[in-house]
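S.K.:
There are 2 protein chains.
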Amino acid sequence: MDTDICGPSIPKMLGVETETIHVSAGGWSPAWAMDNLAVMSIQFMLPGRDEAIIWRGAKKNGLIKQFLKDVEWGDLDVLLVDTPPGTGDEHLSVNAFLKESGIDGAVMVTTPQEVALLDVRKEIDFCRKAGIRVLGLVENMSAFVCPKCDHASEIFKATTGGGRALAAEMGIPFLGSVPLDPRIGMACDYGESFFDSFPDSPACTALKGVVKGLAEQMGLERIGEE
Amino acid sequence: MDTDICGPSIPKMLGVETETIHVSAGGWSPAWAMDNLAVMSIQFMLPGRDEAIIWRGAKKNGLIKQFLKDVEWGDLDVLLVDTPPGTGDEHLSVNAFLKESGIDGAVMVTTPQEVALLDVRKEIDFCRKAGIRVLGLVENMSAFVCPKCDHASEIFKATTGGGRALAAEMGIPFLGSVPLDPRIGMACDYGESFFDSFPDSPACTALKGVVKGLAEQMGLERIGEE
Chain W
1 MDTDICGPSI PKMLGVETET IHVSAGGWSP AWAMDNLAVM SIQFMLPGRD EAIIWRGAKK
61 NGLIKQFLKD VEWGDLDVLL VDTPPGTGDE HLSVNAFLKE SGIDGAVMVT TPQEVALLDV
121 RKEIDFCRKA GIRVLGLVEN MSAFVCPKCD HASEIFKATT GGGRALAAEM GIPFLGSVPL
181 DPRIGMACDY GESFFDSFPD SPACTALKGV VKGLAEQMGL ERIGEE
Chain P
1 MDTDICGPSI PKMLGVETET IHVSAGGWSP AWAMDNLAVM SIQFMLPGRD EAIIWRGAKK
61 NGLIKQFLKD VEWGDLDVLL VDTPPGTGDE HLSVNAFLKE SGIDGAVMVT TPQEVALLDV
121 RKEIDFCRKA GIRVLGLVEN MSAFVCPKCD HASEIFKATT GGGRALAAEM GIPFLGSVPL
181 DPRIGMACDY GESFFDSFPD SPACTALKGV VKGLAEQMGL ERIGEE
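Residue numbers (full-length UniProt numbering), protein chains in the order written: chain W, 1 to 226; chain P, 1 to 226.
(1) Below 8 Å CB to CB, which residues in the same chain sit around leucine 80 of chain W once its five sequence neighbours on both sides are set aside?
(2) Examine chain P for any beta-carbon lying closer than 8 Å to the beta-carbon of valine 107 of chain W, and answer yes or no.
(3) Can you give the Cα-Cα distance for glutamate 17 of chain W and methionine 45 of chain W, rounded to whole angstroms?
(4) Between the alpha carbons of isoleucine 54 of chain P and lysine 60 of chain W, how many angstroms are there, rounded?
(5) Pairs of beta-carbons, one from the segment 104 to 120 of chain W and one from the segment 132 to 152 of chain W, closer than 8 Å: are there three or more?
(6) Thinking C-beta only, is lysine 148 of chain W closer than 8 Å to proline 182 of chain P?
(7) Where do the ends of the alpha helix (DSSP H) carrying valine 211 of chain P lie?
(8) Measure the beta-carbon distance from isoleucine 10 of chain W to aspartate 82 of chain W and round it to whole angstroms, keeping in mind my assumption that it falls under 8 Å.
(9) Taking DSSP as the reference, what is the three-state secondary structure of serine 101 of chain P?
(10) Less than 6 Å between C-beta atoms, sequence neighbours within five positions excluded: which residues of the same chain meet that for methionine 13 of chain W?
(11) Let me check one thing: in DSSP terms, what residues is proline 179 of chain P bridge-paired to?
(12) Closest by CA to threonine 159 of chain W, which one among W:Ser142, W:Glu19, W:Glu72 and W:Lys208?
(13) Where does threonine 158 of chain W fall in DSSP's three states?
(14) Using 8 Å as the threshold, is the C-beta distance between valine 145 of chain P and proline 179 of chain P below it?
(15) State the Cα-Cα distance for the pair lysine 122 of chain P and glutamate 51 of chain W, rounded to the nearest angstrom.
(16) Hey, would you say alanine 163 of chain P sits closer than 8 Å to valine 138 of chain P, going by beta carbons?
(17) Taking the alpha-carbon positions, what's the leucine 92 of chain W to glycine 57 of chain W distance?
(18) Assign glycine 136 of chain W to one of three DSSP states: helix, strand, or coil.
(19) If we call anything under 8 Å between Cβ atoms a contact, is proline 84 of chain W one with glycine 7 of chain P?
(20) Whether or not the segment 107 to 118 of chain W and the segment 109 to 124 of chain P are in contact is what I'm after, with contact meaning three or more pairs of Cβ atoms, one per stretch, closer than 8 Å; do they touch?
(21) Looking only at C-alpha atoms, which of W:Ser153, W:Gly176, W:Cys127 and W:Ile184 sits nearest to lysine 99 of chain W?
(22) Report the residues of the segment 21 to 55 of chain W with a CB closer than 8 Å to any CB of chain P, ordered along the chain.
(23) Report the rounded CA-to-CA distance for proline 199 of chain W versus glutamate 221 of chain W, giving the unit in angstroms.
(24) Where do the ends of the beta strand (DSSP E) carrying alanine 31 of chain W lie?
(25) The alpha helix (DSSP H) that contains valine 16 of chain P, what's its start and end?
(26) Going along the chain, which residues of its own chain have a beta-carbon closer than 7 Å to the beta-carbon of asparagine 36 of chain W, five neighbours each way excluded?
(27) Do you know offhand how far glycine 224 of chain P's Cα is from leucine 207 of chain W's?
(28) List the residues of chain P whose Cβ lies closer than 8 Å to the Cβ of methionine 13 of chain W, in chain order.
(29) Can you check DSSP and say which residues form a bridge with aspartate 150 of chain P?
(30) Looking at C-alpha atoms only, which residue of W:Ala203, W:Gln217 and W:Pro202 is the closest neighbour of phenylalanine 174 of chain W?
(31) Along chain W, which residues have their Cβ under 9 Å away from the Cβ of leucine 175 of chain P?
(32) How many angstroms separate the CA atom of glycine 176 of chain P from the CA atom of aspartate 150 of chain P?
(33) Identify every residue that forms a DSSP beta bridge with valine 39 of chain P.
(34) Can you tell me which of the three DSSP states phenylalanine 126 of chain W falls into?
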């Protein structure tokens, strides 16, 4: 469920950008990116790919409610809610609308530099105040290994210790560091699976470690093994 | 003026993170990052660096109005408004509050990959609908040159032509490509001037080119020369 209303990128990254929503008696049908992966995003409702979604918070909240109430999700193992950065309307609404059913927890994603950690500390504080468990922290865009000479560069330098140090400081599980690999961005642009295309790459191994760690935190070891 | 209410990073990047706001009869005093650079951000009002700002859009709009009405900006050459990503409350409010005084224009910043351009196309559409001139587009995080072997890697690959192609497609000025340089992130983390520390680096040359092009678009050639 893509709650980034003004900048929906999930459909493109999952290769379902051209899908539209079908409405039936049962509700809105999500788009299927894989046999076991349904997606809902405002992107499916736009007349054109380039169209701006000029919406204030109140209108965003209404759509998020509809995504939860009117979409025929079926019998889900997991509902993954992708939010934009921040601690604003989208975050407050998701938390309010799911209060009764309960939220298993939140996953934090950062890049290594302190300017990014600064925002993530605020997100963690939000979770604490909202009573949402932090399942773990992932560090994305870690060291880059030159394809020509194998030299590793810290492009977004962890001047204060990066994700690992922040997780320790905050007492939350550290789920792993995903190195910068240009093929991840390309897979996103082409809507292809990085896991299928480059299963043995260090970035894929790191991402699988993140999924495994997360599944353990959620008591869903079965998913981590798949 | 930092309108990223939930994720204020400008004070840290400009080295004024520990400043607080002074209130006088004339209004709120901004923090001074340099002799000729005043800054206003919600960060100056927070009890702690890690404190979440859990605000819905309406509350954000109120603060943006205060930043414009109650801050003693003095006699400004330029008011630069930094917004978070998207086309939501912050963007609508800045545009509404400055409607009468007029807005010279907007600067778009993207990274090279299509998933990023997708959002920027929406921002450009927002500007068109809001009647805001687009002064130009900057491509950030372009090729990375390995410090060991000089090999250039496109980490965020421009699978659809990147910023330059988007600017041409949209008929807006292209202000330049800023290469990925780890020292930029470090300068931001340390609150130091990348311009002062690495004036001859390719990234600094590119950034100066962006400023010059922007000054030309705004009819402020004087600033481009400084």
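Quick reminder that beta carbons are idealized off the backbone N, C-alpha and C, glycines included.
M.R.: Taking the structure as given:
(1) The sequence position of residue 80 of chain W within the first sequence is 80, counting from 1. Only Met1 meet the Cβ criterion.
(2) Taking the first residue of the first sequence as position 1, residue 107 of chain W is located at position 107. So no, valine 107 of chain W is outside the interface.
(3) Counting from one through the first sequence, the residue named residue 17 of chain W turns up at place 17. Counting from one through the first sequence, the residue named residue 45 of chain W turns up at place 45. Glutamate 17 of chain W and methionine 45 of chain W: Cα-Cα distance of roughly 11 Å.
(4) Taking the first residue of the second sequence as 1, we reach residue 54 of chain P at position 54. Taking the first residue of the first sequence as 1, we reach residue 60 of chain W at position 60. Approximately 16 Å, taken between the alpha carbons.
(5) yes
(6) For this step, residue 182 of chain P is matched to residue 182 along the second sequence. For this step, residue 148 of chain W is matched to residue 148 along the first sequence. In this structure, lysine 148 of chain W does not lie closer than 8 Å to proline 182 of chain P by Cβ.
(7) As a first step, residue 211 of chain P must be located in the second sequence, where it is residue number 211. It spans 202 to 218 - the alpha helix (DSSP H) in which valine 211 of chain P sits, taken as one unbroken run.
(8) Locating residue 10 of chain W in the first sequence gives position 10, where the first residue counts as 1. Locating residue 82 of chain W in the first sequence gives position 82, where the first residue counts as 1. Indeed, because the Cβ distance is near 6 Å, the residues count as touching under 8 Å.
(9) The residue you call residue 101 of chain P lines up with position 101 of the second sequence. Three-state DSSP puts serine 101 of chain P in coil, outside helix and strand.
(10) For the purposes of this step, residue 13 of chain W is taken as the residue at position 13 of the first sequence. Correct list, in chain order: Cys188.
(11) Your numbering for residue 179 of chain P matches position 179 in the second sequence. Answer by DSSP bridge pairing, in chain order: P:Ser142.
(12) Here residue 159 of chain W refers to the residue found at position 159 when the first sequence is read from its first residue. Ranking W:Ser142, W:Glu19, W:Glu72 and W:Lys208 by Cα distance to threonine 159 of chain W puts W:Ser142 first.
(13) Here residue 158 of chain W refers to the residue found at position 158 of the first sequence. First, the amino acid is wrong: residue 158 of chain W is alanine here, not threonine. If DSSP states are grouped into helix, strand and coil, alanine 158 of chain W belongs with coil.
(14) Working through the second sequence from its first residue, we reach residue 145 of chain P at position 145. Working through the second sequence from its first residue, we reach residue 179 of chain P at position 179. Yes. Within cutoff.
(15) Residue 122 of chain P sits at position 122 when you count from the first residue of the second sequence. Residue 51 of chain W sits at position 51 when you count from the first residue of the first sequence. The alpha-carbon atoms of lysine 122 of chain P and glutamate 51 of chain W are separated by roughly 5 Å.
(16) Locating residue 163 of chain P in the second sequence gives position 163, counting from the first residue. Locating residue 138 of chain P in the second sequence gives position 138, counting from the first residue. A small fix is needed here, since residue 163 of chain P is glycine in this sequence, not alanine. Yes. Within cutoff.
(17) Against the first sequence, residue 92 of chain W aligns to sequence position 92. Against the first sequence, residue 57 of chain W aligns to sequence position 57. Each residue's Cα considered, the two are about 10 Å apart.
(18) As a first step, residue 136 of chain W must be located in the first sequence, where it is residue number 136. Glycine 136 of chain W falls in the strand class under three-state DSSP.
(19) For the purposes of this step, residue 84 of chain W is taken as residue 84 along the first sequence, with counting starting at 1. For the purposes of this step, residue 7 of chain P is taken as residue 7 along the second sequence, with counting starting at 1. No, these two residues do not count as a Cβ contact at 8 Å.
(20) no
(21) Taking the first residue of the first sequence as position 1, residue 99 of chain W is located at position 99. Among W:Ser153, W:Gly176, W:Cys127 and W:Ile184, the Cα nearest to that of lysine 99 of chain W is on W:Cys127.
(22) Arg49, Asp50, Glu51, Ala52, Ile53, Ile54 and Trp55
(23) For the purposes of this step, residue 199 of chain W is taken as residue 199 along the first sequence, with counting starting at 1. For the purposes of this step, residue 221 of chain W is taken as residue 221 along the first sequence, with counting starting at 1. Rounded to whole angstroms, proline 199 of chain W to glutamate 221 of chain W spans 20 Å at the Cα level.
(24) Mapped onto the first sequence, residue 31 of chain W falls at position 31. That run of the beta strand (DSSP E) goes 31 to 34.
(25) Your numbering for residue 16 of chain P matches position 16 in the second sequence. Careful: valine 16 of chain P lies outside any alpha helix (DSSP H) and carries neither H nor E.
(26) As a first step, residue 36 of chain W is located in the first sequence; it is residue number 36 there, counting from the start. Correct list: empty, nothing qualifies.
(27) Translated into positions along the second sequence, residue 224 of chain P becomes position 224. Translated into positions along the first sequence, residue 207 of chain W becomes position 207. Because glycine 224 of chain P sits at a pLDDT of 48, beneath the cut-off of 50, its placement in the model cannot be relied upon, and the following sentence gives the value as read from the coordinates. The alpha-carbon atoms of glycine 224 of chain P and leucine 207 of chain W are separated by roughly 44 Å.
(28) For the purposes of this step, residue 13 of chain W is taken as the residue at position 13 of the first sequence. Within 8 Å Cβ-Cβ: Val115.
(29) Here residue 150 of chain P refers to the residue found at position 150 when the second sequence is read from its first residue. Paired residues: none, contrary to the question.
(30) Along the first sequence, one-based indexing puts residue 174 of chain W at 174. Of the candidates W:Ala203, W:Gln217 and W:Pro202, the one whose C-alpha sits nearest the C-alpha of phenylalanine 174 of chain W is W:Gln217.
(31) As a first step, residue 175 of chain P must be located in the second sequence, where it is residue number 175. The contacting residues do not exist; leucine 175 of chain P stays about 20 Å from chain W at best.
(32) Residue 176 of chain P sits at position 176 when you count from the first residue of the second sequence. Residue 150 of chain P sits at position 150 when you count from the first residue of the second sequence. So the alpha carbons of these two residues sit roughly 21 Å apart.
(33) Along the second sequence, one-based indexing puts residue 39 of chain P at 39. Partner(s): P:Ala31.
(34) Position 126 of the first sequence, counted from the first residue, corresponds to residue 126 of chain W. Helix at phenylalanine 126 of chain W.
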